[in-house]
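Worksheet: the structure to be examined is printed underneath.
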Amino acid sequence: MALDRISLVIPPVGPWREQVGWYRWAEDVGYDVVYTYDHLTHVTAPGQWLGEAFTTLTAASAATERIGLGTLVASAVLRTPVVLARVAMTVQDITGGRLVLGLGMGSPTCALADHGRRDEIGEMSARFADVLHGYLAVLGGATDWEGRTISFHGLETTAMPEGTQAPELMIAAHGPRALALAAAHADSWNTYGGPGSTALEAEEFWSLLHAQMSRFTDECVAAGRDPRSVRRSLLLGFGRVRPTTSVDEYVAAAERAAELGFDELVVYGPESSAGMGSDPGVHERAIARLR
């Protein structure tokens with residue numbers, strides 16, 4: 001099996017006392033990383049409590065010992081470079097180096113909820129690039145930095161706690177500009193197929209992923225990086241490919257992902273608020289077959 005990680009998404013929906021058991025279960029079952037959302041509002045959670053991502057991961061670190069903990073993904077419409085670096089390095093420190101910092105462009109609905117305006121995609125893309133480059137500048141020790149849409153000045157504190165390394169940087173990317181960013185800077189690249197992919201039938205969806213993988217490989221070469229040096233992560237379950245419906249479907253999806261060149265498969269947890277509810281036993285038996 002070419003996959004080197006099999007991971008889980010647990011949306012931060014509902015009180016922590018209801019979420020915490022699933023983090024422990026994921027570790028016991030043998031998942032490698034548990035990811036959570038970074039949203040202020042979400043169409044899959046109307047009228048429900050939606051917790052904050054980094055606080056949730058900090059709590060999860062106290063309830064687990066081994067499993068990686070990540071954002072899928074931190075939202076560039078909500079985060080600024082210094083704040084992102086500060087919360088990421090705090091969680092990395094508290095978790096003993098278990099953070100996977102997923103970063104993505106973010107959602108227009110979260111922009112609307114945060115600052116009362118639905119940002120245009122071009123504006124969000126420019127901000128995404130700035131948040132990424134600014135975050136890297138902070139970790140590099142910059143005290144002043146200027147981007148197109150964001151800047152920071154007079155930063156007097158250190159980039160990270162002594163003895164703590166930067167977390168794995170995962171960039172979610174689907175279009176040409178974001179794929180180029182991921183190819184140039186990411187430790188890991190994640191895709192779910194991108195907007196519109198959730199309506200595709202299975203074979204169309206896998207063909208889209210094949211094309212994305214080819215484009216990402218080309219972008220890595222253009223950036224002077226070995227494509228195999230970047231972990232390639234696939235999130236499944238939000239569209240018509242639902243791997244957790246049965247053990248056979250799960251294993252088949254994992255094998256298909258590996259054949260395309262993905263290194264990590266991410267699925268939704270048994271009680272996902274996004275409508276991907278599944279039998280915990282399917283996860284347990286599938287993980288046992290794939291290990």
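Once you know that position 35 of the sequence shown is 35 in UniProt numbering, the rest is easy, because the numbers rise by one and skip nothing. Built from N, CA and C at the ideal position, the CB exists for glycine as well. In this text, all values refer to a predicted model and were calculated from it rather than measured experimentally.
Assigned exposure category for residue i - 16 Cβ within 10 Å defines buried
| i | result |
| --- | --- |
| D38 | buried |
| R127 | buried |
| S278 | buried |
| R291 | exposed |
| S75 | buried |
| G104 | buried |
| I107 | Reading off the sequence, residue 107 comes out as Ser, not Ile. Classification for S107: buried. |
| T157 | exposed |
| A166 | buried |
| S214 | exposed |
| I10 | buried |
| R148 | exposed |
| P195 | exposed |
| P12 | buried |
| A172 | buried |
| I121 | exposed |
| R98 | buried |
| G96 | exposed |
| G102 | buried |
Under the three-state DSSP convention, the category residue i falls into
| i | result |
| --- | --- |
| S246 | coil |
| W189 | strand |
| E123 | helix |
| W145 | strand |
| E65 | coil |
| E204 | helix |
| I171 | strand |
| T164 | coil |
| E271 | coil |
| E52 | coil |
| E264 | strand |
| S7 | strand |
| L72 | strand |
| Y37 | coil |
| V43 | coil |
| S197 | helix |
Sequence-distant residues of its chain with Cβ nearer than 6 Å to residue i (five each side left out)
| i | result |
| --- | --- |
| P243 | L236, E249, Y250, A253, V267 |
| F54 | V87, V91 |
| V100 | V33, G68, G70, E168, M170 |
| P161 | D93 |
| M276 | G237, Y268 |
| R285 | V247 |
| P227 | T217, C220 |
7 Å CB neighbourhood of residue i in its chain, flanking five on each side removed
| i | result |
| --- | --- |
| R5 | D32, V33, D263, E264 |
| V282 | T244, S246, V247, Y250 |
| H210 | L260 |
| H42 | L50 |
| C110 | H39, L40, T41, S75, V77, L78 |
| W201 | First, the amino acid is wrong: residue 201 is Glu here, not Trp. Correct list, in chain order: R240. |
| R225 | A183 |
Residues near residue i by beta carbon distance below 8 Å, same chain, minus five either side
| i | result |
| --- | --- |
| G154 | T143, D144 |
| A159 | A85, M89, V138, L139, G140, G141 |
| I150 | T80, P81, R127, D130, V131, G134 |
| L212 | According to the sequence displayed, residue 212 carries Gln and not Leu. Once the five neighbours on either side are set aside, the close Cβ partners of Q212 are H174, L179, T191, G193, G194. |
| residue 293 | Outside the modelled stretch of the chain, which goes from 1 to 291, sits residue 293, for which no answer is possible. |
| E177 | It should be pointed out that residue 177 corresponds to Arg in this sequence rather than to Glu. If we look at R177 and ignore the five residues flanking it on each side, its Cβ neighbours are S125, A129. |
| A63 | V20, Y23, R24 |
Minimum Cβ-Cβ distance from residue i to chain B less than 9 Å
| i | result |
| --- | --- |
| M89 | In the structure shown, chain B does not exist; there is a single protein chain. |
Taking 8 Å as the cut-off, does the segment 263-281 touch the segment 22-29 (at least 3 CB pairs, one atom from each stretch)? yes
Report yes or no: do three or more beta-carbon pairs, one from the segment 177-189 and one from the segment 217-227, lie closer than 8 Å? yes
When the Cβ atoms of the segment 132-149 are set against those of the segment 71-85, are three or more pairs found closer than 8 Å? yes
Just checking, does the segment 113-128 make contact with the segment 48-59 on the three C-beta pairs under 8 Å criterion? no
Taking three-plus beta-carbon pairs below 8 Å as touching, is the segment 134-143 in contact with the segment 197-209? Not touching, per the Cβ criterion.
Entirely enclosed beta strand (DSSP E) segments - the segment 75-139, minimum 3 residues: Counting whole runs of 3 or more residues, the segment 75-139 contains the beta strand (DSSP E) stretches 99-104.
State whether the segment 255-264 contacts the segment 224-232, with contact taken as three or more CB pairs (one from each stretch) at a distance under 8 Å. Touching, yes.
Every unbroken beta strand (DSSP E) inside the segment 214-248 [3 residues or more]: Here the runs fully enclosed are 231-235.
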